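Here the structure is laid out as structure tokens; the discussion comes afterwards.
Protein chains: 2
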Amino acid sequence: MALGKDYATQECSIARALEIVGERWTLLVVRDALYGVRRYNDFLVHLGIPRAVLAARLQTLTAEGILEKRRYQESPPRDEYVLTERGIALWPTLRALGAWGRDHFVGGRLRYFRHAACGTEIGPYGECALCGTVVPVSDVVMEPGPGLDPDPADPVSRALLKPKRLLEPLETEQA
Amino acid sequence: MALGKDYATQECSIARALEIVGERWTLLVVRDALYGVRRYNDFLVHLGIPRAVLAARLQTLTAEGILEKRRYQESPPRDEYVLTERGIALWPTLRALGAWGRDHFVGGRLRYFRHAACGTEIGPYGECALCGTVVPVSDVVMEPGPGLDPDPADPVSRALLKPKRLLEPLETEQA
DNA sequence: ACGTTAGGTTCAGTGACCGAACCGACCGTG
DNA sequence: CACGGTCGGTTCGGTCACTGAACCTAACGT
Numbered sequence: 001m002a003l004g005k006d007y008a009t010q011e012c013s014i015a016r017a018l019e020i021v022g023e024r025w026t027l028l029v030v031r032d033a034l035y036g037v038r039r040y041n042d043f044l045v046h047l048g049i050p051r052a053v054l055a056a057r058l059q060t061l062t063a064e065g066i067l068e069k070r071r072y073q074e075s076p077p078r079d080e081y082v083l084t085e086r087g088i089a090l091w092p093t094l095r096a097l098g099a100w101g102r103d104h105f106v107g108g109r110l111r112y113f114r115h116a117a118c119g120t121e122i123g124p125y126g127e128c129a130l131c132g133t134v135v136p137v138s139d140v141v142m143e144p145g146p147g148l149d150p151d152p153a154d155p156v157s158r159a160l161l162k163p164k165r166l167l168e169p170l171e172t173e174q175a
Numbered sequence: 176m177a178l179g180k181d182y183a184t185q186e187c188s189i190a191r192a193l194e195i196v197g198e199r200w201t202l203l204v205v206r207d208a209l210y211g212v213r214r215y216n217d218f219l220v221h222l223g224i225p226r227a228v229l230a231a232r233l234q235t236l237t238a239e240g241i242l243e244k245r246r247y248q249e250s251p252p253r254d255e256y257v258l259t260e261r262g263i264a265l266w267p268t269l270r271a272l273g274a275w276g277r278d279h280f281v282g283g284r285l286r287y288f289r290h291a292a293c294g295t296e297i298g299p300y301g302e303c304a305l306c307g308t309v310v311p312v313s314d315v316v317m318e319p320g321p322g323l324d325p326d327p328a329d330p331v332s333r334a335l336l337k338p339k340r341l342l343e344p345l346e347t348e349q350a
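Line order of the protein sequences matches chains B and R. Position 68 of the first sequence, counted from 1, bears residue number 68 in our numbering, the numbering being contiguous throughout. Position 124 of the second sequence, counted from 1, bears residue number 299 in our numbering, the numbering being contiguous throughout.
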């Protein structure tokens with residue numbers, strides 16, 4: 001989406017936000033990053049995104065300070081993309097968007113998000129009803145729901161079947 | 176964005192939601208509808224969107240049950256587009272997205288959103304800290320902030336300078 | 001009769017996205 | 001050393017969506 005020249009005339013923080021994350025695939029990349037995906041190839045197979053588009057999105061997100069590119073081994077040189085504070089701050093938006101999609105367009109529950117401390121499901125505003133607090137991202141545990149039918153050919157989908165905290169790096173076993 | 180064939184393979188309510196509202200301009204149309212814009216021409220001048228795209232978006236949003244097309248006068252026949260429950264349910268998403276954009280990419284406050292009952296500014300999760308409740312959309316009052324520099328040539332921007340409740344129809348005075 | 005407004009549709013041009021191929025650096029193996 | 005495989009890209013032609021301008025219809029007002 002990000003054209004800049006059009007939305008720039010909009011005096012609105014929503015329009016500004018959409019200039020950054022409104023392009024196709026961008027929010028899905030951020031979602032995967034929240035789920036713990038960090039490596040180029042994992043994004044690629046899990047999203048089914050064209051390689052060129054993924055490279056462009058990772059570059060844009062890095063330039064905007066939403067992801068950080070980080071060398072995690074030297075030989076062979078490999079980088080991973082990790083969410084920054086600014087990227088993590090998109091969690092309320094993604095949670096709200098997901099809740100809307102779930103309530104209005106999905107039959108059945110695909111995933112549950114629970115408060116790690118007590119197991120209570122996260123409420124519509126990101127809160128834990130039991131503890132009465134808003135749950136920080138790193139204290140959210142994601143686990144699959146009954147409606148989820150993962151692609152068995154995709155190691156990332158398989159790795160996401162195991163309950164895990166958000167942001168925690170994904171461990172993909174090899175096929 | 177909405178291609179359907181691609182995102183359909185994604186087992187994720189976020190991806191489903193983005194199929195519907197992820198295309199360019201779509202969320203801005205919904206935002207304007209929340210602000211009280213209802214007429215084709217008001218969307219057109221306020222968004223600066225190409226006419227063909229606006230027509231396409233209004234049709235899609237109507238087909239998805241997010242807007243409702245309603246005849247409001249017979250001669251000449253004129254229709255307005257009003258948010259349905261499903262469309263109003265996007266408010267938490269837009270609020271979260273706007274808050275993110277404001278905190279990370281905008282210097283200064285463009286608009287304030289307050290609880291109509293007490294005047295307290297709406298918190299980051301859509302709540303009124305004073306009343307301790309989540310504020311329903313129709314009880315939110317929007318007013319301009321110090322950073323807002325509206326386009327004086329646009330009657331819709333001018334009409335939005337007056338504090339008003341969300342969803343309340345916009346009254347555009349003629350130039 | 002004429003201009004204006006609201007709400008579109010049509011159309012050529014452009015830019016973004018798509019899928020497939022290609023590429024280079026670095027492994028591990030024989 | 002040659003060979004194959006993996007990872008992380010870049011390149012390229014085709015397609016599709018968005019853009020901006022022009023055009024159209026119906027119903028005013030004067």
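No residue lacks a Cβ here, since even glycine has one placed at the ideal position from N, Cα and C. Quick caveat, the model's predicted, so the values are computed rather than measured.
Residue interval of the alpha helix (DSSP H) (run including residue i)
| i | result |
| --- | --- |
| V228(R) | 226-238 |
| R206(R) | 201-210 |
| L47(B) | 40-47 |
| A89(B) | Looking at the DSSP string, A89(B) is not in any alpha helix (DSSP H), and its letter there is neither H nor E. |
| A159(B) | 155-159 |
Straight-line Cα distance separating residue j from residue i
| i | j | result |
| --- | --- | --- |
| T308(R) | L242(R) | 27 Å |
| R158(B) | E168(B) | 16 Å |
| L345(R) | D278(R) | 28 Å |
| R57(B) | G197(R) | 16 Å |
| L178(R) | E194(R) | At L178(R), the pLDDT of 47 sits below 50, so the modelled position is not reliable; the number obtained from the coordinates is stated separately. Those two C-alpha atoms are separated by around 7 Å. |
| R38(B) | T172(B) | 11 Å |
| G320(R) | A238(R) | 35 Å |
| G107(B) | G147(B) | 8 Å |
| G87(B) | G65(B) | 8 Å |
| E249(R) | A230(R) | 21 Å |
| D154(B) | V45(B) | 7 Å |
| A175(B) | I49(B) | The predicted position of A175(B) is uncertain, since its pLDDT is 46 and thus under 50; a value taken from the coordinates is nonetheless stated next. Distance between the alpha carbons of A175(B) and I49(B) is about 21 Å. |
| P124(B) | G276(R) | 21 Å |
| V315(R) | F288(R) | 6 Å |
| L335(R) | V156(B) | 47 Å |
| E255(R) | D151(B) | 43 Å |
| R245(R) | W91(B) | 36 Å |
| V82(B) | A89(B) | 13 Å |
| Y247(R) | T84(B) | 48 Å |
| P76(B) | L27(B) | 30 Å |
| R253(R) | Q234(R) | 16 Å |
| P194(B) | R109(B) | Here chain B covers residues 1 to 175 and nothing more, so residue 194(B) does not appear. |
| D149(B) | D324(R) | 49 Å |
| C306(R) | R226(R) | 43 Å |
| T93(B) | Y215(R) | 28 Å |
| E302(R) | E127(B) | 12 Å |
Nearest-angstrom beta carbon gap, residue j and residue i [assumed within contact, 8 Å]
| i | j | result |
| --- | --- | --- |
| H115(B) | V137(B) | Not really, about 12 Å apart at Cβ, beyond 8 Å. |
| W25(B) | L47(B) | 7 Å |
| R111(B) | E143(B) | 7 Å |
| V204(R) | F218(R) | 6 Å |
| F280(R) | A17(B) | 7 Å |
For residue i, the first and last residue of its enclosing beta strand (DSSP E)
| i | result |
| --- | --- |
| L83(B) | 77-83 |
| P144(B) | 140-144 |
| Y112(B) | 111-115 |
| E11(B) | Premise fails: E11(B) is in no beta strand (DSSP E) and is neither H nor E. |
| L67(B) | 67-74 |
Heavy atom of the ligand PLP within 7 Å of residue i beta-carbon
| i | result |
| --- | --- |
| L202(R) | For the ligand PLP, the structure offers nothing, since it holds no ligand at all. |
>> So if I threshold CB-CB distances at 8 Å, which residues from the stretch 131-143 of chain B count as touching chain R?
In response: V134
>> Between the stretch 257-276 of chain R and the stretch 12-21 of chain B, can you find at least three pairs of beta-carbon atoms closer than 8 Å?
In response: yes
> What residues in the stretch 241-269 of chain R have a beta carbon less than 7 Å from any beta carbon of chain B?
Replying inline: Here the close residues are R261, A264, L265, P267, T268, L269.
>> Three Cβ pairs or more, each shorter than 8 Å: is that satisfied between the stretch 191-210 of chain R and the stretch 116-126 of chain B?
In response: no
>> Closer than 9 Å between beta carbons: that is the criterion. Which residues of the stretch 21-42 of chain B meet it against chain R?
In response: Listed by position, the residues of the stretch 21-42 of chain B near chain R (Cβ gap below 9 Å) are V21, G22, E23, R24, W25, L27, L28, R31.
>> Give me the subset of the stretch 98-110 of chain B whose CB atoms are less than 8 Å from a CB atom of chain R, sorted by chain position.
In response: G98, A99, W100, G101, R102, D103, H104, F105, V106, L110
> Quick one, which residues of the stretch 316-344 of chain R are near chain B if we go by CB-CB under 7 Å, in chain order?
Replying inline: L323, D324, P325
>> Output needed in chain order: residues of the stretch 44-63 of chain B with a Cβ under 7 Å from some Cβ in chain R.
In response: G48
> Which of the residues in the stretch 116-129 of chain B, read from start to end, lie with their CB under 8 Å from any CB of chain R?
Replying inline: P124, Y125, G126, E127
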